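A.B. asks: Could you have a look at this structure, given as structure tokens, before my questions?
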Amino acid sequence: MNVFITGAAGFIGGSIATGLVQAGHNVTGLVRSTEQAAELKALGITAVIGTLDDKALLAEHARAADAVINAASSDHRGAVEALLDALRGSNKVFLHTSGSSIVGDASGGKSSDVIYFEDNLPEPTADKAARVAIDNLILAAAKDGVNSAVICNTLIYGHSLGVNRDSVQLPRLLKQARKSGVVRHVGTGQNIWSNVHIEDVVALYLLALTKNVPGTFYFVESGEASFIDMTTAMAQALNLGQPQDWPLKDAEAEWGYEMANYGLGSNSRVRGKHARELLGWAPKRTSVVEWIRNEMV
0 MNVFITGAAG FIGGSIATGL VQAGHNVTGL VRSTEQAAEL KALGITAVIG TLDDKALLAE
60 HARAADAVIN AASSDHRGAV EALLDALRGS NKVFLHTSGS SIVGDASGGK SSDVIYFEDN
120 LPEPTADKAA RVAIDNLILA AAKDGVNSAV ICNTLIYGHS LGVNRDSVQL PRLLKQARKS
180 GVVRHVGTGQ NIWSNVHIED VVALYLLALT KNVPGTFYFV ESGEASFIDM TTAMAQALNL
240 GQPQDWPLKD AEAEWGYEMA NYGLGSNSRV RGKHARELLG WAPKRTSVVE WIRNEMV
């Protein structure tokens, strides 16, 4: 297939683009610079230089492609609208990348017993309402001749398959630990996140290209872990003793409001059946703690 992917120079998009090329697809990727374009060319990916604000450019490449993957931003409504407008009535696949912080509770590192399911999502918090509205817009496009899906990833771990980029959450913990000599988590670190390895994420996107049921929302998860379990494994791998609790205000100073409260200080516990039942997805990696201990550093 000819696949157009946004965010092709990022961790998720670059990994997906590389996986697509390895599977025999022709991939065109949106990037922001000539330097990023050169990186993609080395991986066998055709680069297009532009931004998510270039609506005409997005529409042109969406119409020319057999399928479109948005892996650049979960929050850029204008880009999504441009892509959907170009795809309406075509029945082409459109896979949109979202993230499970949409059910994050900003608990400050406290645990939660609440687990969310694909067919029973909560009302979003004010911080996440705009992202959820975009997800719903994409799902509704299935009624207008778009083979659409929202792929809602959880905490992604593993090393990039494509360009040399880091994932979002664990590398921030690692960077702080290397800078300070102390591994830290938000609050007491009892908060729990579902998680998934990047290679399994890529496998799911590849399956969805040909097996997606229009209008499907997928949680992408193959296990879960508390942050204290993950930081303990990180401290062991770095030989830095025991991880330490960190007050939320200090975590915000280091990582910013969004990352401290939602990326690292919340619970995001979800279960995904759709990928397994509709796509036949069978994740191969199921322990983030083992990966941290043995492969992260």
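FYI, in numbering that gives the first Met the number 0 the residues of the sequence shown are 0 to 296.
Note that CB positions come from ideal geometry on N, CA and C, so glycine has one too.
The structure displayed is predicted, hence computed values, not measured ones.
Would you check if the distance between the CB atom of T133 and the CB atom of D74 is smaller than 8 Å?
C.D. replies: The sequence position of residue 133 within the sequence shown is 134, counting from 1. The sequence position of residue 74 within the sequence shown is 75, counting from 1. In the sequence on display, residue 133 carries Ile and not Thr. It is a contact, given that the beta carbons lie within the stated cut-off.
A.B. asks: Where do the ends of the beta strand (DSSP E) carrying D313 lie?
C.D. replies: Coverage of the chain is limited to positions 0 through 296, which leaves residue 313 absent and any answer about it impossible.
A.B. asks: Do the region 271 to 281 and the region 204 to 211 make contact, defined as three or more Cβ pairs closer than 8 Å?
C.D. replies: Yes, they touch.
A.B. asks: What first and last residue would you give for the alpha helix (DSSP H) that runs through A236?
C.D. replies: Position 237 of the sequence shown holds residue 236. It spans F226 to L237 - the alpha helix (DSSP H) in which A236 sits, taken as one unbroken run.
A.B. asks: I need the straight-line Cα distance from I114 to A37, nearest angstrom please.
C.D. replies: Taking the first residue of the sequence shown as position 1, residue 114 is located at position 115. Taking the first residue of the sequence shown as position 1, residue 37 is located at position 38. Answer to the nearest angstrom: the Cα atoms are 43 Å apart.
A.B. asks: Using beta-carbon positions only, say whether N194 and Y156 come within less than 8 Å of one another.
C.D. replies: Counted from its first residue, the sequence shown places residue 194 at position 195. Counted from its first residue, the sequence shown places residue 156 at position 157. In this structure, Y156 lies closer than 8 Å to N194 by Cβ.
A.B. asks: Could you give the distance in angstroms between the alpha-carbon of V182 and the alpha-carbon of A8?
C.D. replies: Position 183 of the sequence shown, counting from 1, holds the residue named residue 182. Position 9 of the sequence shown, counting from 1, holds the residue named residue 8. Their Cα atoms are separated by approximately 29 Å.
A.B. asks: Of the residues R270, T285 and A140, which one's Cα is nearest the Cα of E198?
C.D. replies: Here residue 198 is taken as the residue at index 199 of the sequence shown, counted from 1. Checking every option, the nearest Cα to that of E198 belongs to T285.
A.B. asks: Curious, which full-length alpha helix (DSSP H) runs of at least 4 residues does the region 101 to 144 contain?
C.D. replies: Entirely contained in the region 101 to 144, the alpha helix (DSSP H) runs reaching 4 residues are, in chain order, 128 to 139.
A.B. asks: Assign T153 to buried or exposed, taking buried as 16 or more other Cβ atoms, counted over all protein chains shown, within 10 Å of its Cβ.
C.D. replies: Within the sequence shown, residue 153 is the residue found at index 154, counting from 1. Buried, by the Cβ-count rule.
A.B. asks: Expressed to the nearest angstrom, what Euclidean distance is found between the alpha-carbon atoms of G180 and L239?
C.D. replies: Taking the first residue of the sequence shown as 1, we reach residue 180 at position 181. Taking the first residue of the sequence shown as 1, we reach residue 239 at position 240. Spanning the two alpha carbons is a distance of roughly 7 Å.
A.B. asks: For the ligand MN, is there any heavy atom lying closer than 7 Å to the beta carbon of I150?
C.D. replies: With respect to small molecules bound, the structure shown includes none, and the ligand MN cannot be examined in it.
A.B. asks: Taking 8 Å as the threshold (C-beta atoms), are W192 and A224 in contact?
C.D. replies: As a working note, residue 224 is residue 225 in the sequence shown. As a working note, residue 192 is residue 193 in the sequence shown. Contact flag set, yes.
A.B. asks: Would you mind sorting N163 into buried or exposed? The rule is 16 or more other CB atoms within 10 Å of its CB.
C.D. replies: Translated into the one-based positions of the sequence shown, residue 163 becomes position 164. The residue is exposed, with fewer than 16 neighbouring Cβ atoms inside 10 Å.
A.B. asks: Thinking G107 and H184 are a contact (beta carbons under 8 Å), I'd like their distance in whole angstroms, please.
C.D. replies: Numbered from its first residue, the sequence shown carries residue 107 at position 108. Numbered from its first residue, the sequence shown carries residue 184 at position 185. Incorrect: roughly 11 Å between the Cβ atoms, too far for contact.
A.B. asks: With distances taken from CA atoms, which of H273, L247 and V67 is nearest G262?
C.D. replies: Residue 262 sits at position 263 when you count from the first residue of the sequence shown. If we check each option's Cα against that of G262, L247 comes out closest.
A.B. asks: Out of L160, G88, D118 and V102, point me to the one whose CA is closest to V145's CA.
C.D. replies: Indexing the sequence shown from 1 puts residue 145 at position 146. If we check each option's Cα against that of V145, G88 comes out closest.
A.B. asks: Would you mind sorting A252 into buried or exposed? The rule is 16 or more other CB atoms within 10 Å of its CB.
C.D. replies: By 1-based counting over the sequence shown, the position of residue 252 is 253. A252 should be labelled exposed.
A.B. asks: Report yes if the C-beta distance between T5 and N69 is below 8 Å; otherwise report no.
C.D. replies: Residue numbering aside, residue 5 sits at position 6 when the sequence shown is read from its first letter. Residue numbering aside, residue 69 sits at position 70 when the sequence shown is read from its first letter. In contact: T5 and N69 (Cβ atoms closer than 8 Å).
A.B. asks: Which class does H60 belong to by DSSP, given the choice of helix, strand or coil?
C.D. replies: Position 61 of the sequence shown, counted from the first residue, corresponds to residue 60. In the structure shown, H60 sits in a helix (DSSP, three-state: H, G or I).
A.B. asks: Quick one, which of A259, V288 and S267 has its alpha-carbon nearest D112's?
C.D. replies: To locate residue 112, count along the sequence shown from 1; it is residue 113. D112 has its Cα closest to that of S267, out of A259, V288 and S267.
A.B. asks: Distance check for D104 and G298, CA to CA, integer angstroms please.
C.D. replies: Beyond the ends of the chain as shown, which are 0 and 296, falls residue 298; an answer cannot be given.
A.B. asks: Relative to the C-alpha of F218, which candidate in L86, G161, K127 and G98 has its C-alpha closest?
C.D. replies: By one-based count along the sequence shown, residue 218 stands at place 219. Closest option to F218, Cα to Cα, is G98.
A.B. asks: Does the Cβ-Cβ distance between G264 and A250 come in under 8 Å?
C.D. replies: Translated into positions along the sequence shown, residue 264 becomes position 265. Translated into positions along the sequence shown, residue 250 becomes position 251. Contact flag set, yes.
A.B. asks: Assuming L57 and A81 make a contact with CB atoms under 8 Å, what is their CB distance in whole Å?
C.D. replies: Taking the sequence shown and counting its residues from 1, the one referred to as residue 57 is at position 58. Taking the sequence shown and counting its residues from 1, the one referred to as residue 81 is at position 82. Contact holds; Cβ gap of about 5 Å.
A.B. asks: Name the two residues that bound the continuous alpha helix (DSSP H) containing T209.
C.D. replies: To locate residue 209, count along the sequence shown from 1; it is residue 210. I197 to K210 is the extent of the alpha helix (DSSP H) around T209.
A.B. asks: Mapping the DSSP letters down to three states, classify V182 as helix, strand or coil.
C.D. replies: By one-based count along the sequence shown, residue 182 stands at place 183. It is coil, neither helix nor strand.
A.B. asks: Report buried or exposed for V296, applying the criterion of at least 16 other Cβ atoms within 10 angstroms of its Cβ.
C.D. replies: In the sequence shown, residue 296 corresponds to position 297, counting from 1. V296 comes out exposed.
A.B. asks: Output the distance between the C-alpha atoms of K91 and T187, rounded to the nearest integer angstrom.
C.D. replies: For the purposes of this step, residue 91 is taken as residue 92 along the sequence shown, with counting starting at 1. For the purposes of this step, residue 187 is taken as residue 188 along the sequence shown, with counting starting at 1. Rounded to whole angstroms, K91 to T187 spans 46 Å at the Cα level.
A.B. asks: Is the separation between the beta-carbon of A234 and that of P242 shorter than 8 Å?
C.D. replies: Along the sequence shown, read from residue 1 onward, the residue named residue 234 stands at position 235. Along the sequence shown, read from residue 1 onward, the residue named residue 242 stands at position 243. Cβ atoms of A234 and P242: closer than 8 Å.
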